Amino acid sequence: MLNATTALVMPDLSTPAGWLPIVFVLVMALAMLAYVIMDGYDLGVGVLLRRADNEAQKDSMIASIGPFWDANETWLVLGVGILLVAFPAAHGLILGSLYLPVALMLVALTLRGVAFEFRVKARAEHKPMWDKLFYTGSLLAGWSQGFMLGHLVTGFETHWASQLFSALIGLCLVAAYCLLGSGWLIMKSEGVLQLKAVRWAQASLWLTGAGVAAISLATPWVSERIFDKWFSFPNVVMLIPIPAVTLALFVVMARSLKRLPVRLAQGNEYGVAVPFACTVGIFLLAFYGLAYSLFPWLVVDELSIWQAASSPEALMVIFYGTVVVLPVIVGYTVFAYRVFWGKSTALKY
Amino acid sequence: MDNFDPLMLARMQFAANITFHILFPTITIGMGWVLLFFKTRFIATGLDHWMEAYQFWVKVFALTFALGVVSGITMSFQFGTNWPGFMNTVGNVAGPLLAYEVLTAFFLEATMLGIMLFGRGRVSERVHTTATLLVAGGTTLSAFWILALNSWMHTPTGFVMIDGQAHVTSWLEVIFNPSFPYRFSHMMLASGLTVAFLLAGLSAYRWLRGDSGLAVRASLRTGLYIAAAVIPLQIVVGDLHGLNTLEHQPAKVAAMEGIWDTQQGAPAVLFAIPDKATQSNKFEIAIPKLASLYLTHDINGEVKGIKAFGDKSPPVAPVFFAFRIMVATGLLMLAVSWLSVWQMRRSNRDVGVPKTWLLRVLVAMTFSGWVALVAGWYVTEIGRQPWLVYGVLTAAQAASEVPASNILFTLVTYVTLYAGLLFAYISVLFHLARKGAPANMHVEVTHA
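What follows is the structure, given as structure tokens:
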């Protein structure tokens, strides 16, 4: 639906109309990154729920994400909210092109969010049904987000190859969420569940790696401009650390996952945070690489952040609020994570 | 699919979403403060039944909050997918208001909720009470921002149009626009009433099933006293809101009243079936001159009819009927809450509950707040049609180009989902009421 390649017109960056869109695309990217990592681990735990052996394990898994999931999803509202208020033209264009996957994601997130509450409050005989919806919702939410990511990097092509690519990226993102989720469980749980989580992480590792590789290879292939950005000299030398460090993180994680069962059997918790930390590192690098490829475009080669931005005066009003409030949000989020630090305990209220 | 009007489908989809969404924040806004009340009573008196009441209602709160969050996420997407023209035209106004809602309210409520629900035992009692206060404050703050935006869409002020885009000249005038104080008060009181009847209804249900504990009694009394105190206020505020609407959106009032022709000494139409084709009422029962009296405070005052507004007038029948449903529910609430309080005070102080038949009425009215609320929102929102932003932008101008088939497909999906969830929500509330065991006995998740 969008074909004409637009030339990039960059306004004077010392004017508000120049720098405000950069600030907001940064805040939006950070919100999306925070969302992908934080809701990522709880979506992952939801997908893994089906692998649990018994009710007690399921309850423990859900207890580990209970205090956090509401706030985790709020980062999505912030990310999409900034897209809406700071880049209204892109919000309509992007979400219009992704109308059906967006609807799928919304239905999935809805089912999963409410199943979380219903499973412990509804009649006992309905609990398995809500657990199933929790699993299905988590799975479809993750998959549809990956599907949308696939479309974003291929410039919203509707060609079947692009659809297939996006569907595969969907699977890879689900795997990546499982990796985050099992990393989270390795830190937050104990005993049998903790050992199972190590195995889940090992199983998710390879598909996650395939996804990162597929996105990295596809992005330059879609646009000549992105290709040049990565492979022209001297950029290529400066950028080599990104894939190199990503690869190193995968290796470190694979080794850690191999050693953990032995250590855990001896009651040694050393290194339980390594898989989660490595996964977060991989997400950060992949995200950075993607941002480097796309910037300053919201739709590859068609809509730049300056073309899509709201008027500087409206952005300025939001800017003041963001500068004051965002640090406060980060502050009490850190506080909430500290309150629930350590192994998760029974959820009751 | 050509038979379906994409604009109508987009409106229906948005209406379905926002109707479903509004049900839950309406409860959490009021319930947050009720929980804080229970908590502070417990701290002040040391009596366990206040904590027991807290622990029962916090479950209801958590479930309701979850439904509010997930349906709210859907809203944040639909603003853009259904109404791209809205942000393109008035984004400079709507954007900052929405952004401030997310930044100042959403994170606060969602993060503090975790501590409020699961933090007891991990944080001090004082921090836990503060978290409860922040959740209540967060929900109210979020209502403040979104109602500022909604009110602005009805009575836009504080901006100029330049090249087809609204630019703000005064944020104070944007936020405190002429209908905002009325709409905000009306909505806050509606939230209070919805929660009051929910408290009373579920507690009456528990009482009727033989759970006559102090916690049930405290919840029942709290609900009934709130209802009895709030409903007269709500009637006064509602009337003031109506007069404000007459000043700024006379077409809406004409539809509410079912008055087609501009006239002096307009009658108050009690019942009628407004007919769009003939532009007149059928089966009208009316009291002469009364509408002029209460609208203009002059028995022969002039009231503008719907015909005076041509094609810039809303559909009459839905506005007309929704208004009557809202008023009738309000009057019923007044009668039931006052009768209950009167009986409660008159009866033996040890028992202090209304008679059995009245308890049954209260159970039937558990969700009466929702009925009045949705009817009231339909009056004001359908009454604004064909405008999206009154006098600035019509819904048709703001609509998207998403194919009708896609909208229809997702509309059916959403409606099915929402119907299922609403059914589950109501049955689970009654299930919780039946279980009714003291919450500290009720360990939901066990972990070694």
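Top to bottom, those sequences are chains A and B. Numbering-wise, the first sequence is residues 1 to 349 according to our numbering. Numbering-wise, the second sequence is residues 350 to 797 according to our numbering. Backbone N, C-alpha and C fix where the C-beta goes; we use that ideal spot for every residue, glycine too. The structure displayed is predicted, hence computed values, not measured ones.
Within a Cβ cutoff of 7 Å, which residues of the same chain sit near residue i, ignoring the five residues on either side of it in sequence?
| i | result |
| --- | --- |
| leucine 285 (chain A) | Ile242, Val245, Thr246 |
| aspartate 560 (chain B) | Gly785 |
| alanine 497 (chain B) | Leu446, Ile524, Phe529 |
| lysine 704 (chain B) | Gln692 |
| valine 280 (chain A) | Ile37 |
Taking the alpha helix (DSSP H) that residue i belongs to, which residues open and close that run?
| i | result |
| --- | --- |
| valine 27 (chain A) | 16–48 |
| asparagine 366 (chain B) | 355–394 |
| leucine 452 (chain B) | Note, leucine 452 (chain B): premise wrong, no alpha helix (DSSP H); not H, not E. |
| methionine 714 (chain B) | Run containing methionine 714 (chain B): none; DSSP gives neither H nor E here. |
| tryptophan 406 (chain B) | 397–431 |
| serine 552 (chain B) | 529–557 |
| valine 702 (chain B) | Neither: valine 702 (chain B) is in no alpha helix (DSSP H) and is coded neither H nor E. |
| methionine 10 (chain A) | Taken as a continuous stretch (DSSP letters only), methionine 10 (chain A) belongs to no alpha helix (DSSP H), as it is neither H nor E. |
| phenylalanine 250 (chain A) | 241–265 |
| threonine 488 (chain B) | 474–503 |
| arginine 695 (chain B) | 665–695 |
| histidine 126 (chain A) | Segment: none, histidine 126 (chain A) is in no alpha helix (DSSP H) and carries neither H nor E. |
Helix or strand or just coil, what does DSSP make of residue i?
| i | result |
| --- | --- |
| arginine 469 (chain B) | strand |
| histidine 159 (chain A) | coil |
| leucine 298 (chain A) | strand |
| threonine 345 (chain A) | coil |
| aspartate 647 (chain B) | coil |
| methionine 510 (chain B) | strand |
| glutamine 202 (chain A) | helix |
| valine 751 (chain B) | coil |
| glutamine 612 (chain B) | strand |
| phenylalanine 68 (chain A) | coil |
| threonine 110 (chain A) | helix |
| glycine 271 (chain A) | coil |
| arginine 119 (chain A) | helix |
| threonine 729 (chain B) | helix |
| phenylalanine 87 (chain A) | coil |
| leucine 98 (chain A) | coil |
| phenylalanine 525 (chain B) | coil |
| glycine 785 (chain B) | coil |
| glutamine 194 (chain A) | helix |
Which same chain residues end up closer than 8 Å to residue i when comparing Cβ atoms and leaving out the 5 residues on each side of it in sequence?
| i | result |
| --- | --- |
| serine 189 (chain A) | Ser60, Met61, Ser64, Ala197, Lys343, Ser344 |
| methionine 361 (chain B) | Leu760 |
| proline 88 (chain A) | Ala308, Ser310 |
| valine 192 (chain A) | Asp53, Gln57 |
| leucine 139 (chain A) | Gly46, Val47, Ala108, Val174 |
| valine 339 (chain A) | Pro67 |
Label residue i either buried or exposed according to how many other C-beta atoms from any shown protein chain fall within 10 Å of its C-beta, with 16 as the threshold for buried.
| i | result |
| --- | --- |
| methionine 350 (chain B) | Confidence at methionine 350 (chain B) is low in this model, with a pLDDT of 44, below 50, so the placement of that residue should be treated as unreliable; the coordinate-derived value is given next. So methionine 350 (chain B) ends up on the exposed side. |
| alanine 167 (chain A) | exposed |
| tryptophan 706 (chain B) | exposed |
| methionine 38 (chain A) | buried |
| threonine 394 (chain B) | exposed |
| aspartate 301 (chain A) | buried |
| glycine 142 (chain A) | buried |
| phenylalanine 620 (chain B) | exposed |
| valine 351 (chain A) | Since the first residue of chain A shown is 1 and the last is 349, residue 351 (chain A) is not available in this structure. |
| arginine 475 (chain B) | exposed |
| glycine 211 (chain A) | buried |
| glutamine 613 (chain B) | exposed |
| valine 85 (chain A) | buried |
| glycine 331 (chain A) | exposed |
| phenylalanine 134 (chain A) | buried |
| glutamate 730 (chain B) | buried |
What residues match up with residue i in a beta bridge as DSSP calls it?
| i | result |
| --- | --- |
| threonine 743 (chain B) | B:Trp736 |
| proline 623 (chain B) | B:Asn630 |
| leucine 303 (chain A) | A:Val299 |
| isoleucine 636 (chain B) | B:Ala617 |
| valine 801 (chain B) | Outside the shown range of chain B, which is 350 to 797, sits residue 801 (chain B), and nothing can be said about it. |
| valine 652 (chain B) | B:Gln612 |
For residue i, collect the residues of the same chain with a Cβ closer than 6 Å to its Cβ; drop the 5 residues on either side in sequence, then sort them by chain order.
| i | result |
| --- | --- |
| lysine 127 (chain A) | Arg119 |
| glycine 659 (chain B) | none |
| alanine 724 (chain B) | Ala671, Ile674, Met675 |
Is any heavy atom in the ligand ADP found nearer than 7 Å to the beta carbon of residue i?
| i | result |
| --- | --- |
| leucine 149 (chain A) | This structure simply doesn't include the ligand ADP, nor any ligand for that matter. |
Which chain D residues are close to residue i, counting only those with a beta carbon under 9 Å from its beta carbon?
| i | result |
| --- | --- |
| histidine 516 (chain B) | Of the protein chains in the structure, A and B, none is chain D. |
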